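Have a look at the structure below, then the notes.
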Amino acid sequence: MLEDSEDRVETGKVQSEPENRQQMEPTGQRKGVMHSWLRDLVISVAVSAFIIIFLYQPVRVEGTSMLPMLEDQDRLFINKMAYRVGEIQRGDVVVFLYPHDHEKSYIKRVIALPGDTLRIDHGQVIVNGRRISESYVPRRFADDRSQPEMTVPGNEYFVMGDHRSISSDSRDFGPVDRDLIYGKAAFVYWPMDQAGVVR
């Protein structure tokens, strides 16, 4: 009888263990899947936050002063690291805080660098005594404004919109301090037919 009872107990144990495993495995698998999903989510959020905070930031264009390169409501990424590791170049399309209201951001093209002499003669830009070729300004967007010669102060940049006839830029509010420039326009991602590198 002891042997029978021991057999029964052993049989009961053998039968109950698989049942417990079957009951536990789905829960364990669910926990593993949830843990994996949560880990991937946290990593994705952290990487996205790093990219947005330190590297690229999405922005929306408001207005038409950068036609034809950028249209009203275009979405683009700006490179926030570009000028932490490199220098601002003439021709760069930059994003900066408006000098008279740091709540607003503007996007314009750099025309002259610190120390450059600049003069505008009936719409023709002359930097350091040389007329500059501006293929990014179509004839229909040009204007005939003039400006007397000036020297761009140190640590400041003279910026202008590509749609010269409607752009409010350094001709109106003066050169922009380097500390106000926080990004370089990099890539239009929306709308899709406008997608491409900003030049």
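Taking the numbering used here, the leading residue of the sequence shown gets 746, the next gets one more, and so forth.
Ideal placement from N, C-alpha and C gives every residue a C-beta, glycine not left out.
Predicted, not measured: the structure shown is a model, and the values here were computed from it.
| query | result |
| --- | --- |
| If you reduce the DSSP assignment to three classes, tell me which class Ile-877 lands in. | coil |
| Under 8 Å, do Gly-906 and Asp-917 count as touching if we go by C-beta distance? | no |
| Report yes if the CB atom of Leu-786 is closer than 8 Å to the CB atom of Val-804, and no otherwise. | no |
| Candidates Ala-930, Gln-869, Leu-783: which alpha carbon is nearest Phe-841's? | Ala-930 |
| For the region 772-835, which segments carrying the alpha helix (DSSP H) assignment without a break, of at least 4 residues, lie completely within its bounds, in sequence order? | 827-830 |
| Can you tell me whether Met-746 is buried or exposed, with buried defined as 16 or more other CB within 10 angstroms of its CB? | Caution applies to Met-746, whose pLDDT of 33 falls short of 50 and renders its modelled position unreliable; the model cannot decide the point. |
| Helix, strand or coil for Leu-858? Go by DSSP, reduced to three states. | coil |
| Could you please give the first and the last residue of the uninterrupted beta strand (DSSP E) stretch that includes Phe-903? | 901-905 |
| Note down, in chain order, each residue of its chain lying with its Cβ closer than 6 Å to the Cβ of Arg-923, except the 5 sequence neighbours on either side. | Asn-900 |
| Rounding to the nearest angstrom, what Cα-Cα distance links Trp-782 and Met-895 in this structure? | 59 Å |
| DSSP puts Ile-852 in a beta bridge; with which residues? | Val-840 |
| Check Asp-938 in the structure and name its three-state DSSP category. | helix |
| Would Lys-776 be called buried (16 or more neighbouring beta carbons within 10 Å of its own) or exposed? | exposed |
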